[in-house]
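> Last residue of the sequence shown: number 224 in our numbering, and the count goes up by one each step with no gaps. Supplied in structure tokens, the structure appears directly below.
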Amino acid sequence: MKQEGKVIAGGDPLAKIIDEKKLSLCVECGKCVASCPMAEFYDRFSFLFSARGIIKKALLGLDILKDSNIWFCLECDVCAQLCPAGVKYAEFVEDIRQLAISEGITKNSVVCPRCGRYYLPLPTVERLKEIMAEMGLAGEFIELCPQCRRDDMAEKLAFPTGLVKSG
């Protein structure tokens, strides 16, 4: 996969992201795949939604914005920390997800019902709910983004008016 030179951005936002995150420097060493927690998190982990798989599709010019596999990455950044070529995969995923959302490709993104902001990929939410159900835990807390979850908890913990004396 290693290519000489830069990907020519030429106004194409995806090409610009590919260039900025250094995808063309990938040497296919496999360290990203070997270190990826997705293999443990998702039961059906495969090359198709591994860092190498997505990078390969991006460099081949495939339409990755519509590829549901871009939504499986946990953005933990372990792959980038171990990459000998300096590929910034988690940043790449974050940017292409935002680009997909800006282009109206939102079927795999979860939007907070309280504030309307994107906060998690749908596959992550679904898998977290499965894990929580297996543990006998309620999964509704992941329905809100972290900020709204904190706000919601603060509202629930607030004292009813009249119980606290002023002055």
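From the three backbone atoms N, C-alpha and C, an ideal C-beta is built for every residue, glycine too. It should be emphasised that the depicted structure is a prediction, and the values quoted were computed from it without experimental measurement.
Tell me, which residues are paired with SER166 by DSSP?
The partner list for SER166 (beta bridge, DSSP) reads PRO178.
> Spatial neighbours of LYS79 within its chain, please: C-beta separation below 8 Å, excluding the five flanking residues on both sides.
Around LYS79: ALA142, GLY143, VAL144, LYS145.
> So, for MET189: in the same chain, excluding its five sequence neighbours on each side, which residues have a beta-carbon less than 6 Å away from its beta-carbon?
The residues are GLY196.
> For MET192, which three-state DSSP category applies?
Looking at MET192 - three-state DSSP - the assignment turns out to be coil, as it is neither helix nor strand.
> Mapping the DSSP letters down to three states, classify PHE198 as helix, strand or coil.
Reduced to three states, the DSSP call for PHE198 is helix.
> Between TYR175 and ILE158, is the Cβ-Cβ spacing less than 8 Å?
In contact: TYR175 and ILE158 (Cβ atoms closer than 8 Å).
> Out of LEU139, ASP134, TRP128, which one is the CA nearest neighbour of GLY87?
Out of LEU139, ASP134, TRP128, LEU139 has the C-alpha closest to the C-alpha of GLY87.
> Can you tell me whether GLN60 is buried or exposed? The criterion is at least 16 other CB atoms within 10 Å of its CB, across all chains shown.
For GLN60, the pLDDT reaches just 38, beneath the cut-off of 50, and the residue's location in the model is therefore unreliable, although a value from the coordinates is still provided. Label assigned to GLN60: exposed.
> Under three-state DSSP, which class holds LEU117?
Reduced to three states, the DSSP call for LEU117 is coil.
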